[in-house]
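The sequence shown: position 198 = 253 (my numbering), numbered continuously. All C-beta atoms, glycine included, are put in the ideal place defined by N, C-alpha and C. These figures come from a predicted structure and were not determined experimentally.
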Amino acid sequence: MRKALDIFRALADPTRLRIFALLRAMELSVGELAQVLGQSQPRVSRHVKILCDAGVAERRKEGSWVFLGLGDPACVGPLLAAVDAWYESEAGDPWEVADIARLAAVRADRAIAAERYFAARAEDWDAIRSLHVAESEVEAAILRALGDGPLGRLVDIGTGTGRMIELLGGQASNALGIDRSPEMLRLARAKLASAGQDRVELRQGDMYALPVPSGSADSVVLHQVLHYAQQPAAAVNEAARLLAPGGRLLIVDFAPHDREELRAQDAHARLGFADEQLAGWFKAAGLVEEEGLQLQGGELTVKLWLARRPA
56 MRKALDIFRA
66 LADPTRLRIF
76 ALLRAMELSV
86 GELAQVLGQS
96 QPRVSRHVKI
106 LCDAGVAERR
116 KEGSWVFLGL
126 GDPACVGPLL
136 AAVDAWYESE
146 AGDPWEVADI
156 ARLAAVRADR
166 AIAAERYFAA
176 RAEDWDAIRS
186 LHVAESEVEA
196 AILRALGDGP
206 LGRLVDIGTG
216 TGRMIELLGG
226 QASNALGIDR
236 SPEMLRLARA
246 KLASAGQDRV
256 ELRQGDMYAL
266 PVPSGSADSV
276 VLHQVLHYAQ
286 QPAAAVNEAA
296 RLLAPGGRLL
306 IVDFAPHDRE
316 ELRAQDAHAR
326 LGFADEQLAG
336 WFKAAGLVEE
346 EGLQLQGGEL
356 TVKLWLARRP
366 A
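As structure tokens, this is what we get:
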């Protein structure tokens, strides 16, 4: 009973109910909420604390930023159903209309920031991409490797700008992107929001200690991430930990190469991987390797390694 009282007290305030509706649309920082609501950040922070204490919302720290999202689905689900039922009987709320318009402005700000970031770094990215087959070919190979069936619960480790979620999210029941960089996560939010994928969950985390329960994923992807790992075997083992029985791990990276300059220029810790290395790491992690793919067409060969957790 106490929990129910806390929840209803938290949502009894009009501003907090507006915050609840906004977080349903997308994760937002306190500053972005203040922008949408037209209120000061200290005032919004007080409202957010009440919602978080009641379990209706939750905070997620990313570097110096704090993002807010909805709380535990077991708590929030019945509330959303009730809100939907009540709102169906009402005409358009003027506050709701204004909030939606301001939320569009937040999305636009994120998109502009993302465009500036990409523009500043386009030359570096193009230089790396020119060394291997076109990204469109790599993505087509990823789709072939995973097939056109449902992917279930998808986790993209080192999500970067969220491209793998954008590519595979339609086949997943839900998608989680994890990256160590707060800047990359902010770019991913902007990109996925522009693609109409606002409900994707994004978290800051380290590839060696992922903030995800064991056995909670059906599909895990490491796309061009492993060559940044100082301990790639540990990263593969941690990715495998997430897999439920029958779940699959897809790793996309380079075959062994001798482009030593990539270490200094682009922070590559490893110059590609041999099939025998991946096979050993899969076996150590309790996975069964499946047939992979190789894409040649440049100085760097892109390879796809696929493994499954036995059912």
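Distance between residue j and residue i (C-alpha atoms, nearest Å)
i      : j      : result
Gly335 : Ala295 : 13 Å
Val255 : Ala245 : 12 Å
Asn229 : Met81  : 14 Å
Pro133 : Glu113 : 17 Å
Ile212 : Val276 : 6 Å
Met219 : Ala137 : 34 Å
Asp262 : Pro149 : Note on residue identity: the sequence assigns Met, not Asp, to residue 262. For Met262 and Pro149, the distance between alpha carbons rounds to 44 Å.
Ala177 : Gly215 : At Ala177 the pLDDT is 48, less than 50, meaning the model places this residue with poor confidence; the figure from the coordinates comes in the next sentence. Spanning the two alpha carbons is a distance of roughly 15 Å.
Ala264 : Ala289 : 10 Å
Asp273 : Asp164 : 34 Å
Asp321 : Gln252 : 30 Å
Ala200 : Leu222 : 13 Å
Lys104 : Val111 : 10 Å
Arg318 : Leu186 : 15 Å
Asp154 : Leu77  : 8 Å
Leu60  : Leu361 : 49 Å
Ala250 : Pro128 : 24 Å
Arg71  : Ser95  : 14 Å
Arg363 : Asp203 : 17 Å
Arg48  : Glu354 : With the chain covering 56 to 366 only, the question about residue 48 has no answer from this structure.
Ser269 : Glu346 : 25 Å
Gly217 : Met239 : 9 Å
Classification of residue i by the beta-carbon crowding that lies within 10 angstroms, buried from 16 upward
i      : result
Gln349 : exposed
Arg64  : exposed
Val357 : buried
Arg258 : buried
Gly352 : exposed
Ala12  : Absent from the structure is residue 12, since the part of the chain shown begins at 56 and ends at 366.
Glu331 : exposed
Asp139 : exposed
Cβ distance (whole Å) where residue i is taken to contact residue j below 8 Å
i      : j      : result
Pro311 : Gly327 : 4 Å
Leu359 : Ala189 : Not confirmed; about 15 Å, so no contact.
Val85  : Val121 : 6 Å
Leu158 : Arg79  : Actually they are not in contact, since the Cβ atoms of Leu158 and Arg79 sit about 11 Å apart, beyond 8 Å.
Gly124 : Arg115 : 7 Å
DSSP three-state assignment for residue i, whether helix, strand or coil
i      : result
Gly224 : helix
His278 : strand
Arg364 : coil
Gln332 : helix
Val103 : helix
Gly93  : coil
Pro300 : strand
Ala264 : strand
Glu256 : strand
Val188 : coil
Ser320 : In the sequence on display, residue 320 carries Gln and not Ser. It is helical.
Ser271 : coil
Val111 : coil
Arg314 : coil
Gly132 : helix
Asp68  : coil
Gly86  : helix
Ala177 : Note on Ala177: pLDDT 48, under 50, position unreliable in the model; no value is reported.
Leu247 : helix
Leu77  : helix
Glu345 : strand
Arg208 : strand
Reference residue i; option with closest CA among the options
i      : options                           : result
Gly93  : Met81, Lys104, Val161 and Asp61   : Val161
Cys107 : Arg235, Asp164, Phe75 and Lys338  : Phe75
Gly232 : Leu222, His323 and Leu209         : Leu209
Pro287 : Ser274, Leu333 and Ala272         : Leu333
Leu66  : Cys130, Pro205 and Ala322         : Cys130
His323 : Gln285, Ala243 and Ala250         : Gln285
Asp308 : His282, Ala243 and Arg318         : His282
Gly224 : Arg101, Pro128, Leu247 and Glu238 : Leu247
Gln226 : Ile306, Leu242, Ala299 and Gly207 : Gly207
Leu304 : Val267, Gln279, Arg325 and Phe337 : Phe337
Ala156 : Leu88, His102 and Leu198          : Leu88
Ile167 : Leu298, Leu123, Gly347 and Ala243 : Ala243
Glu194 : Leu298, Ile306 and Arg98          : Ile306
Gly341 : His102, Leu297 and Gly204         : Leu297
Pro365 : Arg314, Glu316 and Ala299         : Ala299
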